[in-house]
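Trainee: Could you have a look at this structure, given as structure tokens, before my questions?
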Amino acid sequence: KQEVTQIPAALSVPEGENLVLNCSFTDSAIYNLQWFRQDPGKGLTSLLLIQSSQREQTSGRLNASLDKSSGRSTLYIAASQPGDSATYLCAVGKSSNDYKLSFGAGTTVTVRA
Amino acid sequence: DTGVSQDPRHKITKRGQNVTFRCDPISEHNRLYWYRQTLGQGPEFLTYFQNEAQLEKSRLLSDRFSAERPKGSFSTLEIQRTEQGDSAMYLCASSLVRGPGELFFGEGSRLTVL
């Protein structure tokens, strides 16, 4: 069974600082990895998807890297803003047959103005 | 709005009552997924459909839970004889059958069982 771990569980930084969020998974035989953002009481917003053959993906201030062999992904958020305060979830897809995702518990980020 | 739509957003019910949630996926998406999320945890897979066929059910989906996707469009998730442990956010997602496998989630339906 795929186990996904996100450390730390919570993070508080001053505005402008770069954020580094970590995700690790136990089974390296993955199809893809997705990072999501979740605001309190809301659904999930997809941020970035990395295919297993890719090493990284970028979108604006966000950059996600993937090291499949070591079972790790990192989400970098440059020049954080108070609006980046949310919970960030990492999810791993094992198979192209079904695209089911296994989720970590998330990292809750607070960016202080 | 062409995203995944869920209804109702919030449901408060008494223990023992039945509840039903509806999910309308992105129109061209063949696959539809249900997940459950409890406070402080990541979502857990419940079941998924490809068109109208329910292809997999998690062991989390007890006999009191039933999901349908008639005609391969919207889906419903019914919980019978609700228990306090059913209190959670129920999330629906959809995806294309082919492609990178990106899942798009709705806003969720929050269930509180008193």
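One line per chain: the protein sequences are Z and E, in this order. Note that our numbering numbers the first sequence so that position 84 is 88, with each residue one more than the last. Note that our numbering numbers the second sequence so that position 89 is 77, with each residue one more than the last. C-beta: ideal position from N, C-alpha, C; glycine also.
Would S56/Z pass as a contact of I34/Z if the rule is Cβ separation under 9 angstroms?
Mentor: Within the first sequence, numbered from 1, the residue matching residue 56/Z stands at position 52. Within the first sequence, numbered from 1, the residue matching residue 34/Z stands at position 30. Yes, the pair counts as a contact, with Cβ atoms nearer than the cut-off.
Trainee: Run through DSSP, which three-state label would Q55/Z get?
Mentor: Here residue 55/Z is taken as the residue at index 51 of the first sequence, counted from 1. Here Q55/Z sits in strand by DSSP.
Trainee: Need the endpoints of the beta strand (DSSP E) that Q38/E sits in, please.
Mentor: As a working mapping, residue 38/E is identified with position 50 in the second sequence. It spans 32 to 38 - the beta strand (DSSP E) in which Q38/E sits, taken as one unbroken run.
Trainee: Residues of chain E with CB under 9 angstroms from Q61/Z, in chain order?
Mentor: By 1-based counting over the first sequence, the position of residue 61/Z is 57. Going along chain E, no residue has its Cβ under 9 angstroms from Q61/Z, so there is no contact; the nearest lies around 10 angstroms.
Trainee: Using a Cβ-Cβ cut-off of less than 7 angstroms, list which residues of the stretch 73 to 102 of chain Z approach chain E; keep chain order.
Mentor: Answer in chain order: L93, G97, S100, D102.
Trainee: Beta-carbon of P13/E versus every beta-carbon of chain Z: anything under 9 angstroms?
Mentor: On the second sequence, residue 13/E is found 25 positions in, with the first residue counted as 1. No, its Cβ sits nowhere closer than 9 angstroms to a Cβ of chain Z.
Trainee: Would you report the Cα separation of T26/E and F33/E, rounded to the nearest angstrom?
Mentor: By one-based count along the second sequence, residue 26/E stands at place 38. By one-based count along the second sequence, residue 33/E stands at place 45. About 12 angstroms.
Trainee: Relative to the C-alpha of S69/Z, which residue among P86/Z, C94/Z, D88/Z, S89/Z is closest?
Mentor: Walking along the first sequence from the start, residue 69/Z turns up at place 65. Among P86/Z, C94/Z, D88/Z, S89/Z, the Cα nearest to that of S69/Z belongs to C94/Z.
Trainee: Does the stretch 48 to 61 of chain E touch the stretch -5 to 5 of chain E, meaning 3 or more C-beta pairs lie closer than 8 angstroms?
Mentor: The stretch -5 to 5 of chain E vs the stretch 48 to 61 of chain E: no contact.
Trainee: If you follow the beta strand (DSSP E) that V8/Z is part of, which residue opens it and which one closes it?
Mentor: Translated into the one-based positions of the first sequence, residue 8/Z becomes position 4. Residues 8 to 11.
Trainee: Quick one: grab the DSSP three-state call for D45/E.
Mentor: Taking the first residue of the second sequence as position 1, residue 45/E is located at position 57. It is Lys, not Asp, that sits at residue 45/E in the sequence shown. The answer is strand: DSSP assigns K45/E an E or B state.
Trainee: Answer with buried or exposed for L48/Z, where buried requires no fewer than 16 other C-beta atoms within 10 angstroms of its C-beta.
Mentor: Here the question's residue 48/Z lines up with position 44 in the first sequence. Buried, by the Cβ-count rule.
Trainee: Contact check, Q42/Z vs T78/Z under 8 angstroms by CB: the rounded distance?
Mentor: Stepping through the first sequence from its first residue, residue 42/Z is reached at position 38. Stepping through the first sequence from its first residue, residue 78/Z is reached at position 74. Not quite, the Cβ-Cβ distance comes to about 19 angstroms (not below 8 angstroms), so this is no contact.
Trainee: Would you please state the rounded distance, in angstroms, between the beta carbons of R19/E and Q38/E? I believe it to be under 8 angstroms.
Mentor: For the purposes of this step, residue 19/E is taken as the residue at position 31 of the second sequence. For the purposes of this step, residue 38/E is taken as the residue at position 50 of the second sequence. Between Q38/E and R19/E the Cβ distance is about 5 angstroms, and since that is below 8 angstroms, they are a contact.
Trainee: Have a look at N67/Z and I81/Z and give me their C-alpha separation to the nearest angstrom.
Mentor: Position 63 of the first sequence holds residue 67/Z. Position 77 of the first sequence holds residue 81/Z. Each residue's alpha carbon lies about 7 angstroms from the other.
Trainee: Below 9 angstroms on C-beta distance, what does A68/Z contact in chain E?
Mentor: In the first sequence, the residue the question calls residue 68/Z occupies position 64. Within chain E, no residue comes near A68/Z; the closest Cβ sits about 13 angstroms away, beyond 9 angstroms.
Trainee: Give the secondary structure of K59/E by DSSP, where H, G and I count as helix, E and B as strand, and everything else as coil.
Mentor: Taking the first residue of the second sequence as position 1, residue 59/E is located at position 71. Note: K59/E maps to helix in three-state DSSP.
Trainee: Tell me, please, which residues DSSP counts as bridged to S(-7)/E.
Mentor: The residue given as residue -7/E occupies position 5 in the second sequence. Answer by DSSP bridge pairing, in chain order: D12/E.
Trainee: Since Q55/Z meets chain E, which of its residues come closer than 7 angstroms, beta carbon to beta carbon?
Mentor: Within the first sequence, residue 55/Z is the residue found at index 51, counting from 1. By Cβ distance, chain E contributes P88.
Trainee: Excluding the 5 residues preceding and the 5 following R3/E in the sequence, name in chain order all residues of the same chain whose CB lies nearer than 7 angstroms to its CB.
Mentor: Residue 3/E sits at position 15 when you count from the first residue of the second sequence. Here the set comprises T70, E71, Q72, V101, L102.
Trainee: Measure the alpha-carbon distance for G96/E versus G87/E and round it to whole angstroms.
Mentor: Taking the second sequence and counting its residues from 1, the one referred to as residue 96/E is at position 108. Taking the second sequence and counting its residues from 1, the one referred to as residue 87/E is at position 99. Each residue's alpha carbon lies about 24 angstroms from the other.
Trainee: Are the CB atoms of S(-8)/E and A81/E nearer to each other than 9 angstroms?
Mentor: Within the second sequence, the letter at position 4 stands for residue -8/E. Within the second sequence, the letter at position 93 stands for residue 81/E. Note that residue -8/E corresponds to Val in the displayed sequence, not to Ser. Contact flag set, yes.
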